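Working notes, structure below.
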Amino acid sequence: MHQSVALTRLTTLFVLLLALIIASHFLFEDTLGPVLRELAVTMENSFAAALMIAAGLTFDVLLPIPSSVLSMWAVISFGFTKGFLIVWLGMNAACLLGYTLGAGASKGLLGRVLSSNDLATAQTLAARFGTGTLVFTRAVPVIAEASVVSAGIAGMPFGKFASACLLSNGGIALAYAAAGSLANANASFALAFAGSIALPLLAFASLRIFTKTQKHSKVAHGEQLEPRFSMQFSYPLCFTRNVFDSENTTLISQLQRDKHNKRSLSAQFYLDKGLLECQPELVKRIEHYCDAHGVAWHCVSVPGGEKAKTLQQIHMMHDEMLQAGLDRQCYVIAIGGGGLLDAVGYAASTFHRGIRLIRMPTTVLAQNDAGIGVKNGVNDKGIKNLLGCFAVPHAIINDATFLDSLSKRDFRSGFAEAIKVALIRDEHFYHWISNNREALNQREEHAVYHLIKRCAQLHLEQICKGGDPFEQGSARPLDYGHWSAHKLESLTQHQLSHGEAVSIGMALDALYAVEIGLLSQTCANGILELIQSLGFELWHPALTWKGDNKQCTLLQGLEEFRQHLGGELCITLLKGIGETIEAHQIDEKALLVARDKLQRFCSQQPA
C-alpha cells in the first residue's frame, strides 16, 4: 500500500514537472517568440540583451519565468562562451537572491507568508540533505528555487552554499551551452526544445537516486530521529499585603490552580532565619492560614543570603523533602531574600525532577529582580552560581508587609537593580527614579510600590519577549554591571551585598563606556550621582587587589563571566539612557583607566 502511494505521488510529480516544462515552451512561445526574434536581431550581442537575460534568470526564483527559453536564447544569440557566462551569472544571482530571502524569512516578506512550522520544515529538509539538494535540483523547475530559499532558512553556511551553487550552476550552464550550440548549428527548434526538457528530467532523476541513496545510507548507519516539541510557560506575579491573613485568598488560589484531583493540599515552607528573627510570629501565621484552608504544612528554617547557596544546604533541603514524603503534586514555598530563593528553587527543581515552587520574596531586590525570573542556583568552587538550572515557578507572591522589617541597607539594595533595568530599557523610568529619590530614601509606600512593580515588569518583558528566556545565547542585557559585581562579591566573601556590588559594577561600566567613546562624561556623571544619592558607595578596595601574578584580580571576572555565558564574552554597555550595545572584547587598559577615574570621583565627593 505504502509503495503504491509513493509510486502514485512520484508519477504525479513527474507528469506535473513535464507539463510545466512543456507549458513554458508552448504557452510562452507564441507570446515571447516574436519578441525574442526581434530582440535577437536588434540587440544581437548587445549588453542590454545580455543584461535582460541575466535579470530574467535572476528573478526566476520569484516569478514564473521560462528559464529554459532564456537559457537557450542566451546561447543562440551570443554563442557558446558568452551564452555560458550569461546563464551561469544569472543562475548564481538567483541563488544569492533566494538565499537572502530565506535567511531573512522570519523577519521579511516570507515571514508573513510562511508559518513557523513551514520554516521549521524547510530547515529540517535542508539540514537532512545538505548541499546535495542544491547540486541535484539546480535544473529542476520550482524545486530549484525552493532549495536555495530553504538553504537560507536553515542557516547553511554561506561559503558552503556558494561553492555548491557555483559548481552546479557551471555544469548546468555548460549543458545549456552545448545543447544551444548544437541547436543553433542545425537551425533546429526541435533540438533546442528536446535539450531544455532533457536537462530538468535528468536532474530530477539524479535527485531521486540521490535521496534514495541518502535514505539507505542513513538506515545503514543508524536511523536519525528528529523529535520536536514546544511548551507554553506562564506564571502569575501577585501583589498583595498580609498574605497569611486567613481572609486573603492569594496563596490558596495559587495552591488550588491546576489541581485535578481530590487529594488534600500539602506544602513545605522554607523560611529565611533572618526573617524569623524579625518576625517571630510568622510560623504561627502560616499555621493558622493553612489550618483555615485545609493545607497540610511543615516549616523549615534556612540561613539567608549567600549562606543558603551551598551544596550542604541543598542536601539538607532534599533530606527534609524526602522525610516529608513530598511528590510532584506537592508544593515547596520559599519565603526569603534572593539567596534563599535561588537555593530553595534549585533544591525543588532537582528533587523528583521538579516540585511545584511558589516564591514569596521578602526584600526589595528579590521582589523586583532576583525572585521573579526562572533561574535557580548555588555557589561552588568559589564561583557565584556555578551550579544551577532554569525552572519556571508555579507562582510568585510579593507581600509588601515583608519589607517593613528590612534594615536600611537591605532595603536600598534593591534600588540597584531598578537603576540597572532603567538604564538599559526605560529612559522614562530612569528619570522617574531620579525625580523620586527622596521618596525612595524615605521608604514612602507608593514610591516603593511603583519602583518594584515597574522594575519587575521590565525584567519580565526581557525574559518573556527577549527571545532567550533560558539563556541559550551569549547576550545578557539584564546582567549589565554584573561581570565585576559577581567578582567583587566573591573577592569580599560577600561582605558586599549583591545590590552594593551591582552599583559599583554599573559605575565602572559607565566610565568604561566613556573611555571607549560610547557614552558622554555628563551622562556617566549623572548615573554615578544618582546611584550615590540612593545611599550606595561606589568604591571598594577590592577593585585594586592583585593576585600572585601581580595582575589586577578584578580582571579575572571577565574570564569567569565569559565561561558563565557559554564561551563568548558579551558585555552590555551603554550608549545612552535606554540604549545599549553588546561588546565581545574589553580593552583592559581602558578598563583600568575607568577604574582609576572611579576612585578619583569617589575621593572628591564630600564624606
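Residue numbers for the sequence shown follow the numbering used here, beginning at 34 and rising by one. Backbone N, C-alpha and C define an ideal beta-carbon position, used for all residues, glycine too. Quick caveat: nothing in here was measured; it's all calculated off a predicted structure.
With a cut-off of 8 Å on Cβ pairs, the region 558-570 is not in contact with the region 383-398, counting fewer than three such pairs. Around the C-beta of THR555, fewer than 16 other C-beta atoms lie within 10 Å, and the residue is accordingly described as exposed.
Only residues of its own chain outside the window of five on either side were considered, and among them GLU621 have a CB closer than 7 Å to the CB of LEU588, listed in chain order. Taken atom to atom, the span from the alpha-carbon of PRO574 to that of GLU533 is near 14 Å. Straight-line measurement puts the Cα of GLY135 at about 50 Å from the Cα of HIS479.
Bounds of the alpha helix (DSSP H) holding CYS497 are 478-498.
Remark: C-beta atoms of SER438 and CYS311 approach each other more closely than 8 Å. Just so you know, the alpha carbons of LYS295 and TYR379 end up roughly 28 Å apart. In terms of Cβ geometry, THR586 and LEU524 form a close pair [threshold 8 Å]. Under DSSP, ALA300 shares a beta bridge with TRP330, TYR364.
In the DSSP annotation of this structure, the continuous segment of the alpha helix (DSSP H) that includes PHE111 starts and ends at 100-136. Counting only residues of its own chain and dropping the five nearest sequence neighbours on each side, TYR322 has a CB closer than 6 Å to the CB of PHE277, SER279. Between CYS271 and ALA428, the beta carbon gap of about 7 Å places them in contact (Cβ cut-off 8 Å).
In its chain, beyond the 5 residues on either side, GLN565 have a beta carbon closer than 8 Å to the beta carbon of GLN638. Counting C-beta atoms within 10 angstroms of its own C-beta, ASP542 has 16 or more neighbours from the protein chains shown and is therefore classed as buried.
Residue pairing from DSSP places ARG392 in a beta bridge opposite ALA367, ILE429. Ranking CYS198, SER101, GLU471, GLN345 by CA distance to the CA of ALA212 puts SER101 first. Counting C-beta atoms within 10 angstroms of its own C-beta, PHE594 has 16 or more neighbours from the protein chains shown and is therefore classed as buried.
DSSP, read as helix, strand or coil, puts GLY599 in coil. In the DSSP assignment, ILE619 falls outside any alpha helix (DSSP H) and carries neither an H nor an E.
LYS417 and GLY600 have their C-alpha atoms some 17 Å from each other. If the five residues before and after LYS579 are omitted, its C-beta is found closer than 7 Å to the C-beta atoms of CYS585, THR586, all from its own chain and listed in chain order.
Judged by DSSP in its simplified three-state form, ASP413 adopts strand. In the structure shown, ASN294 adopts coil according to DSSP, grouped into three states. Taken in chain order, no unbroken stretch of beta strand (DSSP E) lies wholly in the region 509-582 with a span of 3 residues or more.
Membership of LYS608 in the beta strand (DSSP E) is indicated by the continuous run 604-609. Here PHE277 carries a coil assignment [DSSP, helix/strand/coil]. Taking every protein chain shown into account, the CB of GLU178 has 16 or more other CB atoms within 10 angstroms, so this residue is buried.
ARG458 places its beta carbon less than 8 Å from that of LEU491. Here DSSP, grouped into helix, strand and coil, assigns ASN468 to helix.
ALA403 places its beta carbon less than 8 Å from that of LEU374. Nearest in C-alpha terms to SER79, of all of SER110, THR91, MET105, is SER110.
Between LEU298 and LEU284, the beta carbon gap of about 10 Å keeps them out of contact (Cβ cut-off 8 Å). Around the beta carbon of ASP443, a 10 Å sphere encloses 16 or more other beta carbons of the protein chains shown; the residue is thus reported as buried.
DSSP places GLU612 within a strand segment (E or B) once states are collapsed to three. Secondary structure note for PHE448: its alpha helix (DSSP H) is the uninterrupted segment 448-458.
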